[in-house]
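Beneath this line is the structure, given in structure tokens, with notes to follow.
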Amino acid sequence: MAQTKLQRINAIVLAGGLSSRMGQDKALIAIDGVPLLQRVCWVALQCVNSVYVVTPWVDRYRPLLQDSDPPIQLVQEVPLPNETISSTTTHGPLIGFLQGLSQVQAAPNDWVLLLACDLPNLSPEILQQWLSELPSTATTTIACLPRNPAGWWEPLCGFYRVGCRASLAAYVQNGGLSFQQWLANQAVEALPLTDFEMLFNCNTPEELRQVRGHLE
Numbered sequence: 001m002a003q004t005k006l007q008r009i010n011a012i013v014l015a016g017g018l019s020s021r022m023g024q025d026k027a028l029i030a031i032d033g034v035p036l037l038q039r040v041c042w043v044a045l046q047c048v049n050s051v052y053v054v055t056p057w058v059d060r061y062r063p064l065l066q067d068s069d070p071p072i073q074l075v076q077e078v079p080l081p082n083e084t085i086s087s088t089t090t091h092g093p094l095i096g097f098l099q100g101l102s103q104v105q106a107a108p109n110d111w112v113l114l115l116a117c118d119l120p121n122l123s124p125e126i127l128q129q130w131l132s133e134l135p136s137t138a139t140t141t142i143a144c145l146p147r148n149p150a151g152w153w154e155p156l157c158g159f160y161r162v163g164c165r166a167s168l169a170a171y172v173q174n175g176g177l178s179f180q181q182w183l184a185n186q187a188v189e190a191l192p193l194t195d196f197e198m199l200f201n202c203n204t205p206e207e208l209r210q211v212r213g214h215l216e
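Numbered by UniProt numbering, the letters in the sequence shown go through residues 1 to 216 in order.
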């Protein structure tokens, strides 16, 4: 059954980590025959109108995503002031998100879905449920996010107002790098979640074996 997409929703998928604990590029690891990055983008496209993938390695991922319909847009991470991008440069998710937001053409009150590229249990049904609740969100709210069992926000699986860009840019300009610290000073609403497997991210070979074993 076709799923209804809320109008003027974009998604940003972050694929900029070094995958040091995994020992290989997580985005390219196949889960149930589909590379993780491609898997996350496909789920996002069931819920939004367009997807932006932010990464230092555009050429690496272009073959993986080039046949998507609608097209997935690859956003090249750019150097910060006085910095040179190298094969081992990684900015972290906060700056990746900010650079992705700079490419999104939308009104300040429109929403963007932010996702990490290593969410093998991402559910389009849960994302659709969350989407249906956005129209009733207070206009002062800049983010709608789930909380993990420890009570922390899960910033890489939720929705942000495009207008959060100004606050985020000011925070980064002052040296901030922590999503949790930035969110602590923002108006955030909690999204309902009972199945926390949705938030499981794949960082190590052991976690990869766990995911694959669950699917077998």
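From the three backbone atoms N, C-alpha and C, an ideal C-beta is built for every residue, glycine too.
Within 10 Å of its beta-carbon, does residue 219 have 16 or more other beta-carbons around it, so buried, or fewer, so exposed?
The structure shown has nothing for residue 219, since the chain only spans 1 to 216.
Out of curiosity, what's the CA-to-CA distance linking residue 151 and residue 198?
Roughly 15 Å separates the two Cα atoms.
Just tell me which of 40, 209, 11 and 12 has its CA closest to the CA of residue 118.
Nearest of 40, 209, 11 and 12 to residue 118, Cα basis: 40.
In terms of alpha-carbon separation, which member of 156, 149 and 139 lies closest to residue 163?
Of the listed residues, the one whose Cα sits closest to residue 163 is 139.
Can you tell me whether DSSP reads residue 158 as helix, strand or coil?
Here residue 158 sits in strand by DSSP.
For my contact list, residue 114 and residue 9 are in at a C-beta cut-off of 8 Å; report their separation, rounded to the angstrom.
12 Å between Cβ atoms; not a contact.
Is it true that the stretch 173–180 meets the stretch 123–136, where meeting means three or more beta-carbon pairs spaced less than 8 Å apart?
No: the two stretches stay apart, fewer than three of their Cβ pairs being nearer than 8 Å.
Is there contact here, the stretch 102–116 with the stretch 43–57, by at least three beta-carbon pairs under 8 Å?
Because the criterion of three Cβ pairs below 8 Å is met, the stretch 102–116 and the stretch 43–57 touch.
Between the C-alpha atoms of residue 36 and residue 156, what's the straight-line distance to the nearest angstrom?
If I take the Cα positions, the gap works out to 15 Å.
Assign residue 43 to buried or exposed, taking buried as 16 or more other Cβ atoms, counted over all protein chains shown, within 10 Å of its Cβ.
Result: buried.
Looking at residue 24: is its Cβ nearer than 8 Å to the Cβ of residue 65?
In this structure, residue 65 does not lie closer than 8 Å to residue 24 by Cβ.
Please classify residue 46 as buried or exposed, where buried requires at least 16 neighbouring CB atoms within 10 angstroms.
By the neighbour-count rule (16 or more Cβ atoms within 10 Å), residue 46 is not buried but exposed.
Buried or exposed: which applies to residue 88, given that a residue is buried once 16 or more other Cβ atoms fall within 10 Å of its Cβ?
Any reading at residue 88 is ruled out, since the residue's pLDDT is 45, under 50, leaving its predicted position unreliable.
In whole angstroms, give me the CA-to-CA distance for residue 170 and residue 68.
Their Cα atoms are separated by approximately 34 Å.
Could you compute how far the alpha carbon of residue 78 sits from the alpha carbon of residue 71?
Taking the straight line joining both Cα atoms gives about 22 Å.
Taking residue 132 as part of the alpha helix (DSSP H), name the residues at either end of that continuous run.
124–133 is the extent of the alpha helix (DSSP H) around residue 132.
Within this structure, are the beta carbons of residue 165 and residue 111 separated by less than 8 Å?
The answer is no: Cβ separation not under 8 Å.
Taking residue 167 as part of the beta strand (DSSP E), name the residues at either end of that continuous run.
No beta strand (DSSP E) contains residue 167, which is instead part of the alpha helix (DSSP H) from 165–173.
Could you please give the first and the last residue of the uninterrupted alpha helix (DSSP H) stretch that includes residue 41?
Here the alpha helix (DSSP H) through residue 41 covers 36–45.
Can you tell me whether residue 154 is buried or exposed, with buried defined as 16 or more other CB within 10 angstroms of its CB?
Flag for residue 154 reads buried.
Apart from the five residues on each side of it in sequence, which residues of its chain come closer than 6 Å, Cβ to Cβ, to residue 15?
Result list for residue 15: 27, 37, 53, 55 and 117, in chain order.
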